[in-house]
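Going down the list, the protein sequences come from chains A and B.
With the first sequence counted from 1, adding 2 to any position gets you our numbering.
With the second sequence counted from 1, adding 3 to any position gets you our numbering.
Yeah, the Cβ is synthetic: ideal placement off N, Cα and C, and Gly gets one too.
These notes are about the structure you will find just below.
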Amino acid sequence: MLAVNQNDLVVNLLIFLMATFLGTELIRHVSRLLHTPLMALTNAISSISIVAGLIVMSETSSDFIMILATIAIALASTNIVSGFLITERILRMFRRRKETK
Amino acid sequence: MIGLLVQYLYVVGVILFILALRWMSEVKTSRRGNWAATGGVIVAITATLLAYSIQRTDLLVGAAVIGAIIGMPIALKLPMTAVPQRTAMSHAFGSLAVALVGAAEFYQYTPNVDTFSLSVLSAEMILGFLTFTGSCIAFAKLQGLISGKPLVYRGRIVVSVCTLGTAVALAVYLILNPTQEFVLPIMALFALAFGFLLVMGIGGADMPTVIAILNSYAGISAAALGFVLDNKLLIVAGSLDGSSGFVLALIMSQAMNRSFVNVLFGAVGSASKSTEQVVEGRTVQSFTVDDVATVLNNSKSLIIVPGYGMAVSQAQHVVKEVADIAQSRGLDVKYAIHPVAGRMPGHMNVLLAEAQVPYEQLWEMEKVNSLFPETDLAIVVGANDVTNPAARTRPDSPLFGMPILDVDKARTVVFIKRSMAPGFSGVENELFYLPNTMMVFGDAKKVLTDLVAALKKS
Chain A
3 MLAVNQNDLV
13 VNLLIFLMAT
23 FLGTELIRHV
33 SRLLHTPLMA
43 LTNAISSISI
53 VAGLIVMSET
63 SSDFIMILAT
73 IAIALASTNI
83 VSGFLITERI
93 LRMFRRRKET
103 K
Chain B
4 MIGLLVQYLY
14 VVGVILFILA
24 LRWMSEVKTS
34 RRGNWAATGG
44 VIVAITATLL
54 AYSIQRTDLL
64 VGAAVIGAII
74 GMPIALKLPM
84 TAVPQRTAMS
94 HAFGSLAVAL
104 VGAAEFYQYT
114 PNVDTFSLSV
124 LSAEMILGFL
134 TFTGSCIAFA
144 KLQGLISGKP
154 LVYRGRIVVS
164 VCTLGTAVAL
174 AVYLILNPTQ
184 EFVLPIMALF
194 ALAFGFLLVM
204 GIGGADMPTV
214 IAILNSYAGI
224 SAAALGFVLD
234 NKLLIVAGSL
244 DGSSGFVLAL
254 IMSQAMNRSF
264 VNVLFGAVGS
274 ASKSTEQVVE
284 GRTVQSFTVD
294 DVATVLNNSK
304 SLIIVPGYGM
314 AVSQAQHVVK
324 EVADIAQSRG
334 LDVKYAIHPV
344 AGRMPGHMNV
354 LLAEAQVPYE
364 QLWEMEKVNS
374 LFPETDLAIV
384 VGANDVTNPA
394 ARTRPDSPLF
404 GMPILDVDKA
414 RTVVFIKRSM
424 APGFSGVENE
434 LFYLPNTMMV
444 FGDAKKVLTD
454 LVAALKKS
């Protein structure tokens, strides 16, 4: 059974709104220098949807649903691996003047 | 007991994600931010594996290994000029993952799903599938697999809106008749088609905004999934990603003085525009690199204006060489970065950082514009529309109102360009005809390599 409890919904809406406001404020203060690595990073963070894939995998016995979840997990883990590694690689390139000399 | 532990671990994950974004605000702490986010994801996955027992570990491990095998080479080997493509691809992967999980949830629980969950699932799947094809097209355009020109035809908007409308109508039907499972793939097809149509109609120079919007969609669909699963970590991570994409898209479209709707449906650069304003009798002054070397040697300050052309010809390293020589001869060197220069937010900064340009030399448009009148020499490498003074002076120009870099106010402007072809907007750049502009024709990398040679001689 997949049903949303009204009390949970209210709490979740509250969390969603707070996180959105907080996210907006945090991103506004990110230096323009870092917009590209920021996008790589937030993309990797949102691959946390892998968690949803794991939950589906644990719940199902149907092969078809299992395949859907497996593909989703493969896609999300690609994003996790490449997202964090490339962010690290980009950030390492940003240097200060004195370090380059 | 375990259930509670997992909830606490999710709280740790949320804290790490928020700190990660906080630390990303400046270069000094940014790497710490990346590690915090990585830690957050690891904590979340560990917690989930603790709480939910997965029987098919073979599939799980297989999927993770495939992810690592695809992801590692992309991250470690990819040239920096291809970062926009990778970003588009990762949006495609992320949104498809979310859409597939949504579909899996639907098939798992139908018909025991309440109307609310079903509505959110449908919305999430439509958003996920359209972001998937949209991102694939963005990838293809950025990679040069298909033309970067917007696909424009009569009735384009009507076709797009009808496609999306059909997807939504099918979603409503599905919500009212959850047992009609066959509707889901059809709905998915229409959502996929809409994503395709949407981004086919958008041109290359609008990619920074489009990529940011797709980023936002991918995040929102992940948050929606969190609502259905009552998973608060997913809601937080998704909405952080969603708001990040939204803010970036806002910054990008403001930097072009356009609205979202205009970016998505405006199709700037379409052939239909009759803005050929060729004024007779205007002449362009073409110069050689030796002339530029002479001017540079007599200057005290230099501002370099990079654009997408620099990325295309991979000229960032030789740009740095020119800057180094200029600096060693006592010039004050700065780089002026327009917010939408390149193909994604912050594109130019990454390329120049790769060439080891110290980031203190990278100046944002608002700060650098007041410095142009006191600058002896400005060199434009591969930028065009963002330097066109028509945006300030000609109300009839399609560029009018767009904030630009006031390159024309520098004492001498060197404009490196392959040909006289207009920029992306299809508008001729008035800068070419100004008396203080020196045009140097040729590929950016080649011209600058020759310039380095000429400077070393003189």
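Buried versus exposed, by CB contacts within 10 Å (16 or more), residue i
i                    : result
methionine 20(A)     : exposed
alanine 172(B)       : exposed
methionine 203(B)    : buried
asparagine 218(B)    : buried
aspartate 411(B)     : buried
alanine 424(B)       : exposed
phenylalanine 96(B)  : buried
asparagine 7(A)      : exposed
lysine 462(B)        : With chain B covering only 4 through 461, there is no way to say anything about residue 462(B).
lysine 235(B)        : buried
valine 271(B)        : Its pLDDT being 48, under 50, valine 271(B) is placed unreliably by the model, and the measurement read from it follows with that caveat. By the neighbour-count rule (16 or more Cβ atoms within 10 Å), valine 271(B) is buried.
threonine 107(A)     : The structure shown does not extend to residue 107(A), since chain A spans only 3 to 103, so no value can be given for it.
glutamate 279(B)     : In this prediction, glutamate 279(B) scores a pLDDT of 44, lower than 50, which makes its location untrustworthy; the coordinate-derived value is nonetheless stated afterwards. Exposed: under 16 other Cβ atoms inside 10 Å.
phenylalanine 375(B) : buried
glutamine 288(B)     : exposed
phenylalanine 197(B) : buried
asparagine 352(B)    : buried
tyrosine 311(B)      : buried
methionine 92(B)     : buried
tyrosine 156(B)      : exposed
glycine 25(A)        : buried
asparagine 115(B)    : exposed
alanine 5(A)         : exposed
aspartate 65(A)      : exposed
valine 46(B)         : buried
phenylalanine 435(B) : buried
alanine 456(B)       : exposed
lysine 276(B)        : Legend: pLDDT at lysine 276(B) = 40, less than 50; position of this residue unreliable, value from coordinates given subsequently. It counts as exposed.
alanine 274(B)       : Bear in mind that the predicted position of alanine 274(B) carries a pLDDT of just 37, short of 50, making it too unreliable to give a figure here.
asparagine 439(B)    : exposed
glutamate 90(A)      : buried
proline 309(B)       : buried
phenylalanine 18(A)  : buried
glutamate 127(B)     : buried
Under 7 Å between C-beta atoms of residue i and residue j
i                    : j                    : result
leucine 451(B)       : valine 321(B)        : yes
glutamine 341(B)     : valine 417(B)        : The question names glutamine, yet the displayed sequence has histidine at residue 341(B). Result no, Cβ atoms of histidine 341(B) and valine 417(B) do not sit closer than 7 Å.
alanine 381(B)       : isoleucine 306(B)    : yes
aspartate 409(B)     : serine 302(B)        : no
leucine 87(B)        : arginine 346(B)      : First, the residue type needs correcting, since residue 87(B) is proline and not leucine in the sequence shown. Closer than 7 Å, so yes.
alanine 258(B)       : valine 343(B)        : yes
valine 32(A)         : leucine 40(A)        : yes
phenylalanine 230(B) : asparagine 9(A)      : no
alanine 226(B)       : alanine 252(B)       : no
phenylalanine 132(B) : alanine 191(B)       : yes
threonine 169(B)     : phenylalanine 199(B) : no
lysine 420(B)        : serine 316(B)        : no
isoleucine 73(A)     : leucine 103(B)       : yes
leucine 130(B)       : tyrosine 55(B)       : no
valine 430(B)        : proline 398(B)       : no
lysine 462(B)        : glutamine 359(B)     : Absent from the structure is residue 462(B), since the part of chain B shown begins at 4 and ends at 461.
proline 1(B)         : glutamate 367(B)     : As shown, chain B starts at 4 and ends at 461. That puts residue 1(B) outside it, with no answer to give.
methionine 108(A)    : isoleucine 72(B)     : In this structure chain A extends from 3 to 103, so residue 108(A) is not present and cannot be described.
methionine 405(B)    : asparagine 260(B)    : yes
Discussion item. Ignoring anything shorter than 4 residues, give me the alpha helix (DSSP H) runs that lie fully in the segment 64-102 of chain A, in order along the chain.
Written reply: Here the runs fully enclosed are 65-95 and 99-102.
Worksheet entry | Residues within the segment 69-83 of chain B neighbouring chain A, beta-carbon criterion of under 8 Å | Those residues of the segment 69-83 of chain B that come within reach of chain A (Cβ to Cβ, closer than 8 Å) are Ile69, Gly70, Ala71, Ile73, Gly74, Met75, Ile77, Ala78, Leu79, Leu81 and Met83.
Worksheet item: Touch check for the segment 37-51 of chain B and the segment 86-94 of chain A: three-plus C-beta pairs under 8 Å?
Response: Between the segment 37-51 of chain B and the segment 86-94 of chain A, the count of Cβ pairs shorter than 8 Å is three or higher; the stretches touch.
Worksheet item: Got a sec: which bits of the segment 163-174 of chain B sit with their beta carbon under 8 Å from any beta carbon on chain A, in order along the chain?
Response: Listed by position along the chain: nothing, the set is empty.
Discussion item. Quick test of the definition: if touching needs 3 or more C-beta pairs under 8 Å, does the segment 64-71 of chain B touch the segment 12-21 of chain B?
Written reply: With the rule of 3 Cβ pairs closer than 8 Å, the segment 64-71 of chain B does not count as touching the segment 12-21 of chain B.
Item to complete: Quick one: which residues of the segment 213-235 of chain B get their C-beta closer than 8 Å to a C-beta of chain A? List them in chain order.
Response: Listed in sequence order: Ile214, Ala215, Asn218, Ala221, Gly222, Ala225, Ala226, Leu228, Gly229, Phe230, Val231, Leu232, Asp233, Asn234 and Lys235.
Item to complete: Select from the segment 341-354 of chain B all residues with a C-beta closer than 8 Å to any C-beta belonging to chain A, and list them in chain order.
Response: Shown in chain order are the members of the segment 341-354 of chain B whose Cβ falls below 8 Å from a Cβ of chain A: Pro342, Met347, Pro348, Gly349, His350, Asn352 and Val353.
Worksheet entry | Near-chain B residues of the segment 46-60 of chain A - C-beta to any C-beta below 8 Å | If the cut-off is 8 Å between Cβ atoms, the segment 46-60 of chain A has Ala46, Ile47, Ser48, Ser49, Ile50, Ser51, Ile52, Val53, Ala54, Gly55, Leu56, Ile57, Val58, Met59 and Ser60 near chain B.
Discussion item. List, from N- to C-terminal side, the beta strand (DSSP E) runs of 3 residues or more that fit wholly inside the segment 282-356 of chain B.
Written reply: Along the length of the segment 282-356 of chain B, whole beta strand (DSSP E) runs at least 3 residues long occupy 304-309 and 335-340, reported in chain order.
Worksheet item: Are at least three pairs of beta-carbons, each pair with one atom in the segment 235-253 of chain B and one in the segment 44-62 of chain A, less than 8 Å apart?
Response: Note that the segment 235-253 of chain B touches the segment 44-62 of chain A; at least 3 beta-carbon pairs, one per stretch, sit closer than 8 Å.
Discussion item. Restricting to runs no shorter than 4 residues, where is the alpha helix (DSSP H) found entirely within the segment 163-209 of chain B?
Written reply: Here the runs fully enclosed are 186-203.
Discussion item. Does the structure place the segment 162-171 of chain B close enough to the segment 98-116 of chain B that three or more beta carbon pairs sit under 8 Å?
Written reply: Short answer: they don't touch.
Fill in: Contacting positions in the segment 5-16 of chain A - beta carbon closer than 7 Å to chain B
Taking a C-beta cut-off of 7 Å against chain B, the contacting residues of the segment 5-16 of chain A are Ala5, Val6, Asp10 and Asn14, listed in chain order.
Practice prompt. Report the residue ranges of all alpha helix (DSSP H) runs contained in full by the segment 38-116 of chain B; include only those spanning at least 4 residues, in chain order.
Written response: The qualifying runs are 60-80 and 86-112.
Discussion item. Give the list of continuous alpha helix (DSSP H) stretches no shorter than 4 residues that lie fully inside the segment 361-433 of chain B.
Written reply: For the segment 361-433 of chain B, whole alpha helix (DSSP H) runs of length 4 or above, ordered along the chain, are 368-371 and 393-396.
Worksheet item: What residues in the segment 358-370 of chain B bring their beta carbon closer than 8 Å to a beta carbon of chain A?
Response: If the cut-off is 8 Å between Cβ atoms, the segment 358-370 of chain B has Gln359, Pro361, Tyr362, Glu363, Gln364, Leu365 and Glu367 near chain A.
Discussion item. If the cut-off is 9 Å on Cβ atoms, which residues from the segment 101-118 of chain B count as contacting chain A, listed in chain order?
Written reply: Residues of the segment 101-118 of chain B with a C-beta less than 9 Å from any C-beta of chain A: Val101, Ala102, Leu103, Val104, Gly105, Ala106, Ala107, Glu108, Phe109, Tyr110, Gln111, Tyr112, Thr113, Asn115, Val116 and Asp117, listed in chain order.
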